[in-house]
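Below: the structure, in structure tokens.
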Amino acid sequence: NIAPDKAAYIGDDVIDLQVMPLVSLALCPADAHILVKRHSHRILLSKAGDGVAREVCDLIMAARMPLETAYAVAQKPAFEGQSS
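FYI, in this note's numbering the residues of the sequence shown are 1 to 84.
Structural data, given as structure tokens:
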């Protein structure tokens with residue numbers, strides 16, 4: 001139930017062009033089709049399947065707070081079942 005104008009979208013081929021104008025943030029991987037690159041708000045450094053999701057997560061988190069703060073929880077001993 002997220003309105004399109006509140007959503008981000010990652011596309012890499014011409015079929016994605018119909019969705020990209022509807023969202024507030026249209027992204028594409030470095031190896032996307034040239035038409036998709038022209039309609040993206042940002043071209044990512046990562047290629048499709050090679051870290052795109054991580055790059056997008058980092059971009060979104062970095063827009064809200066320093067990455068060091070965002071990832072501080074991962075530095076704690078209890079993260080992912082580690083014993084404290």
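All residues carry an ideal CB built from backbone N, CA and C; glycine is no exception.
### Query
Under three-state DSSP, which class holds L17?
helix
### Message
Looking at A30: is its Cβ nearer than 8 Å to the Cβ of S40?
### Response
No, the Cβ-Cβ distance between A30 and S40 is not below 8 Å.
### Residue span of the alpha helix (DSSP H) that contains L25, given as start and end
Where L25 is concerned, there is no enclosing alpha helix (DSSP H), although the beta strand (DSSP E) it sits in stretches over L25 to C28.
### Task
Go through its chain and collect everything with a Cβ distance to V56's Cβ below 8 Å, but skip five positions before and after it.
A8, I10, L27 and L44
### Task
Report buried or exposed for V73, applying the criterion of at least 16 other Cβ atoms within 10 angstroms of its Cβ.
Around the C-beta of V73, fewer than 16 other C-beta atoms lie within 10 Å, and the residue is accordingly described as exposed.
### Query
Can you pull the DSSP bridge partners for Y9?
In DSSP, Y9 forms a bridge with A26.
### Query
Per DSSP, which one or two residues make a beta bridge with I43?
C28.
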